[in-house]
Amino acid sequence: MNLDLRLDTSGDFYAQKFQPTKRDDTLILNMGPQHPSTHGVLRILLEIDGEYIVRADPVLGYIHRMHEKMAEIMTYPQYLPNPSRTDYLHALAWGWAHVGAVERLMDIEVPERAEYIRVITCELNRISSHLLWWGAYLLDLGAFTPIMYAFDDRERIQDILQRITGSRLTYCYYRFGGVSHDIDQRFIEETKTQCARMKDRAKMFKDLVTDNFILRKRVEEIGEIPLDTCRKYGATGPVLRGSGLAYDTRRAEPYSVYDRFDYKIPTHDTCDAMGRYLVRMDEIQESIQIIEQALDSLPEGNFIHPKAPKRPKPPAGDVYFAVEGGRGKIGMHLVSDGGNKPYRLKLRAPGFSNLSLFSEIAQGTLIADAVSILGSLDLVIPEIDR
Amino acid sequence: MAQEDQDITFPFADTTVDAPPINQEPVQKIINICRAMSLWPITFGIACCAIEMMSFGMARFDSARFGAEVFRPSPRQADLMIVAGTISNKMAPLVTRLYEQMPAPRWVIAMGNCAISGGPFVFKNQYGIVEGVDQIIPVDIYLPGCPPRPEGLLEGLFQLQEKITGRRWWPTPDQAQIAKGK
Amino acid sequence: MSDTGAKPDNAEGKKTPAAKKKNNGPKYSGYDLDCFLSPQDVLRAVRELDQSGFFLEDISCLDIQEGLFLVYHFDRYEQPGRVGLRVLLDRNNPEIPSIFDIYPGAAWHERECFDFFGVRFTDHPNLIPLLLDPDYKGLPPLLKDEGDRQGLEQILPERDVSPVSVQSQELIQKIHDCSKTHDRTQS
Chain B
2 MNLDLRLDTS
12 GDFYAQKFQP
22 TKRDDTLILN
32 MGPQHPSTHG
42 VLRILLEIDG
52 EYIVRADPVL
62 GYIHRMHEKM
72 AEIMTYPQYL
82 PNPSRTDYLH
92 ALAWGWAHVG
102 AVERLMDIEV
112 PERAEYIRVI
122 TCELNRISSH
132 LLWWGAYLLD
142 LGAFTPIMYA
152 FDDRERIQDI
162 LQRITGSRLT
172 YCYYRFGGVS
182 HDIDQRFIEE
192 TKTQCARMKD
202 RAKMFKDLVT
212 DNFILRKRVE
222 EIGEIPLDTC
232 RKYGATGPVL
242 RGSGLAYDTR
252 RAEPYSVYDR
262 FDYKIPTHDT
272 CDAMGRYLVR
282 MDEIQESIQI
292 IEQALDSLPE
302 GNFIHPKAPK
312 RPKPPAGDVY
322 FAVEGGRGKI
332 GMHLVSDGGN
342 KPYRLKLRAP
352 GFSNLSLFSE
362 IAQGTLIADA
372 VSILGSLDLV
382 IPEIDR
Chain Z
16 MAQEDQDITF
26 PFADTTVDAP
36 PINQEPVQKI
46 INICRAMSLW
56 PITFGIACCA
66 IEMMSFGMAR
76 FDSARFGAEV
86 FRPSPRQADL
96 MIVAGTISNK
106 MAPLVTRLYE
116 QMPAPRWVIA
126 MGNCAISGGP
136 FVFKNQYGIV
146 EGVDQIIPVD
156 IYLPGCPPRP
166 EGLLEGLFQL
176 QEKITGRRWW
186 PTPDQAQIAK
196 GK
Chain G
15 MSDTGAKPDN
25 AEGKKTPAAK
35 KKNNGPKYSG
45 YDLDCFLSPQ
55 DVLRAVRELD
65 QSGFFLEDIS
75 CLDIQEGLFL
85 VYHFDRYEQP
95 GRVGLRVLLD
105 RNNPEIPSIF
115 DIYPGAAWHE
125 RECFDFFGVR
135 FTDHPNLIPL
145 LLDPDYKGLP
155 PLLKDEGDRQ
165 GLEQILPERD
175 VSPVSVQSQE
185 LIQKIHDCSK
195 THDRTQS
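This is the structure in structure tokens:
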């Protein structure tokens, strides 16, 4: 056993950078990267005074998987499965961002039916992403039951999606110009049944969890993020909407057929973790509204453009395409030099900006509250590390 | 092959363990059955495969009925490490450290293509990941898939139980005959 | 500089090899205001953007023949419209002031550019590797090989890439007015 390494008490590179401004009476504690509540491999260096956090500094990169480098060496169709692995919980939104960026650059028109299918599947994926967030957040806070219910509902959604996409988790369903397979009557009926069921379940979730006294004590008035802090750090998604501002990429930069549906942008202006929690629960219901409207008005037609390029060679230029993911605004900056591989593909992950405000708002909180704040930010670390 | 480009500088985990206190075969056989029926995994979900591992622990697939009930956050209290996700170069020394912190006997399931061989993230002159967790820790069961279905992970658990005890306890899938190559 | 982003500026009417197809650029490129700046003007422009209520989306970088090409993306919550600031840095001395004092969220974006391209942001509070392993000894990974680099003409054809002065009232007015005004059919 190499005792020199094992007994190295000065810490590694990041701990050494963190240490110099430490006070004499505080302790430096590592939270992660293997930790049940950090939702992936996130390491947070904490300087704590008793139970209170004096300073917090997240350390990233433990799941850096070179997505941007891979984009430059793989052709466009070869890269299609990659965005799903970035944020596997809302994989279809990342896939949409990728194909949407190429479609925007090449001015490919997507048939109407394909747009509706994309909206329905993306919203179903958003519901399953929020369900998993909900279950995992409550598991962090110590409740073991809600995650069981969340996964029950989630499995049903996964059954619906796996018939047409072929995957349970990391969907690679969208293609340049449409989707890869059409939906059938069975999909429509199952989705309608599931939507009706989710509306009933919402009441149970509220009684069991949202109105629960212990949850309220652990989540209300925790992690207050004022609106200006959100803006300074570029936070989007439920983190921003929980601070009172109704900014949603589906309304701000309309893409696809979202402007045909009637849905609200839920906001809560309490700025705390409870606000973000309620925003996500409301978003599940709004997604159900969108799905039902889309199913009712689903047009016939092609599910992919008949002349969609199988091996796109976009013209030289650059575009930026943004979609609303479960965590916030997903952006893809695609720069093409006219070849069959991107010159540069920059992935803008919402979690990256959302997590960067953690070190500011975690100061002065209890460690247990820091866990609650992290859960309320809804982080998926592979999208932050890309 | 991409692996030749990669210069692994991470030391392999230290696998020396003490001999068991009662080292007689009939006793060990019974104890092995007890161990196999109550494998406690460590909560080591790294990336996408972690979600399928969570599904594996939840109500539909329910690993608890096969003994893998309690996911322990601390490696000191776990005996099964399911490596679910890609191991980056930054994470590799920590994986080794976690493995060495697990008390013996301990087992490793490499879940998913990334843990087996780097998965979809292998390309020429890649700079960031370890191509397969068996470069740094010894692996008992390899479980392909991206991600593998929870049924696949259950099958991996059954094969691990077979490896520990010497016989298979649960019905085999009808389509595949498990090759008993020894 | 066109503020609709639909057709790139083609003031001199010069044709480039990339334009031999009917390439007038995409109908809508996602940018509502696109400007090229010189490195010393970035702070002033970003202050204007902060006062107009923009938030920082991300800071990206490209490796091209002329040097390292930084791209800042900003957007607004109320009156949404995307602004892209593009800055060309010298490859041998890629330094630019950090915008951390104006937008604290830029700290991580700048560390990422430092990691992958080696861009040094002066006055950054903590310019250490964010995503890469500190023990990684190679060149910044997203830099391209000499033969793979393209020039600005190849990736942004028929665009006026000369830096615009940030003192001009016209630019400041464009920042205030920036919004998604034009009509688009589908993405």
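Residue numbers (my numbering), protein chains in the order written: chain B, 2 to 387; chain Z, 16 to 197; chain G, 15 to 201. Backbone N, C-alpha and C fix where the C-beta goes; we use that ideal spot for every residue, glycine too.
Drop a sphere of 10 angstroms on the beta-carbon of residue i, count the other beta-carbons inside from all chains shown, and report buried for 16 or more, exposed for fewer.
i, result
"P254 of chain B", "In the sequence as presented, Pro is not what sits at residue 254 of chain B; that position holds Glu. Buried, because 16 or more other Cβ atoms sit within 10 Å of the Cβ of E254 of chain B."
"C123 of chain B", "buried"
"A79 of chain Z", "exposed"
"Q404 of chain B", "For chain B, the structure presents residues 2 to 387; residue 404 of chain B sits outside this window and is missing."
"Q176 of chain Z", "buried"
"T187 of chain Z", "exposed"
"L168 of chain Z", "buried"
"E325 of chain B", "buried"
"A93 of chain Z", "buried"
"G352 of chain B", "buried"
"V32 of chain Z", "exposed"
"S53 of chain Z", "exposed"
Name the chain B residues that come within less than 9 Å of residue i, Cβ to Cβ?
i, result
"I113 of chain G", "In chain order: nothing, as chain B lies at least about 11 Å away."
"L172 of chain Z", "In chain order: nothing, as chain B lies at least about 18 Å away."
"L113 of chain Z", "Q35"
Taking 8 Å as the limit between beta carbons, can you name the residues of its chain near residue i, skipping five residues before and five after?
i, result
"A317 of chain B", "S337, D338 and G339"
"P148 of chain G", "I142"
"Q364 of chain B", "I54, V55, R56 and A57"
"P135 of chain Z", "N128, C129 and C161"
"C1 of chain B", "This structure does not reach residue 1 of chain B, given that chain B is present from 2 up to 387, and the question cannot be answered."
"S179 of chain G", "D55 and L185"
Excluding the 5 residues flanking residue i on each side, which residues of the same chain have their C-beta closer than 6 Å to its C-beta?
i, result
"I46 of chain Z", "none"
"T171 of chain B", "S85, R86, Y89 and A92"
"W134 of chain B", "D379"
"R100 of chain G", "F50 and V85"
Near residue i, what residues of its chain come up, given a Cβ to Cβ distance below 7 Å and the 5 sequence neighbours on each side ignored?
i, result
"S257 of chain B", "E116, R119 and V120"
"P155 of chain G", "F130"
"M73 of chain Z", "none"
"L63 of chain G", "F88, V97 and I189"
"K35 of chain G", "Any reading at K35 of chain G is ruled out, since the residue's pLDDT is 44, under 50, leaving its predicted position unreliable."
Is residue j closer than 8 Å to residue i when the C-beta atoms are compared?
i, j, result
"F68 of chain G", "S176 of chain G", "no"
"K330 of chain B", "G238 of chain B", "yes"
"F262 of chain B", "G101 of chain B", "no"
"D319 of chain B", "L296 of chain B", "no"
"R114 of chain B", "E301 of chain B", "yes"
"D4 of chain G", "P118 of chain G", "Since the first residue shown for chain G is 15 and the last is 201, residue 4 of chain G is missing from the structure and cannot be characterised."
"F59 of chain Z", "I151 of chain Z", "no"
"A83 of chain Z", "P41 of chain Z", "no"
"G100 of chain Z", "A51 of chain Z", "no"
"L145 of chain G", "G41 of chain B", "no"
"L277 of chain B", "S377 of chain B", "Note that residue 277 of chain B is Arg in the sequence shown here, rather than Leu. It is a contact, given that the beta carbons lie within the stated cut-off."
Could you tell me which chain Z residues have their CB closer than 7 Å to the CB of residue i, listed as they occur along the chain?
i, result
"D147 of chain G", "N104 and K105"
Given that residue i touches chain Z, what residues does it touch there, using C-beta distances under 9 Å?
i, result
"P155 of chain G", "Y142 and G143"
Find the residues of chain B that neighbour residue i, judging by a C-beta separation of less than 7 Å, and give them in chain order.
i, result
"K194 of chain G", "E254"
"G39 of chain G", "G318"
"P94 of chain G", "A253 and E254"
Which residues of chain G have a Cβ atom closer than 7 Å to the Cβ of residue i, listed in chain order?
i, result
"R349 of chain B", "E71 and D72"
"F353 of chain B", "W122"
"G327 of chain B", "Here the premise fails: no neighbours, minimum Cβ distance about 18 Å."
"G235 of chain B", "F69, L70, E71 and G119"
Given that residue i touches chain B, what residues does it touch there, using C-beta distances under 8 Å?
i, result
"V56 of chain G", "Going along chain B, no residue has its Cβ under 8 Å from V56 of chain G, so there is no contact; the nearest lies around 17 Å."
"H87 of chain G", "Y321, G332, H334 and R349"
Going along chain Z, which residues have a C-beta under 8 Å from residue i?
i, result
"T171 of chain B", "C63, C161 and P162"
Can you pull the chain G neighbours of residue i, defined as C-beta to C-beta under 8 Å?
i, result
"K18 of chain B", "N140 and I142"
| message | Can you pull out the residues from the segment 149-162 of chain Z whose beta carbon lies closer than 8 Å to at least one beta carbon of chain B? | response | C161 and P162
| field | Residues of the segment 24-51 of chain B whose Cβ lies closer than 8 Å to any Cβ of chain Z, in chain order | value | P34, Q35, H36, P37, G41 and V42
| query | For the segment 99-111 of chain Z, which residues have a CB atom closer than 8 Å to at least one CB atom of chain B, in sequence order? | reply | G100, T101, S103, K105, M106 and L109
| said: Any C-beta of chain G within less than 7 Å: which residues of the segment 116-146 of chain Z qualify? | reply: Y142
| task | Select from the segment 285-317 of chain B all residues with a C-beta closer than 9 Å to any C-beta belonging to chain G, and list them in chain order. | result | P315, P316 and A317
| request: Could you please tell me which residues of the segment 60-91 of chain B, in chain order, have their CB closer than 8 Å to any CB of chain G? | output: L61, G62, H65, M67, E69, K70 and E73
| field | Residues from the segment 37-66 of chain Z in contact with chain B, defined by Cβ distance under 7 Å | value | T58, F59, I61, A62, C63 and I66
| Proximal residues, the segment 163-196 of chain G versus chain B, C-beta separation under 7 Å | Q164, Q168, I169, L170, P171 and K194
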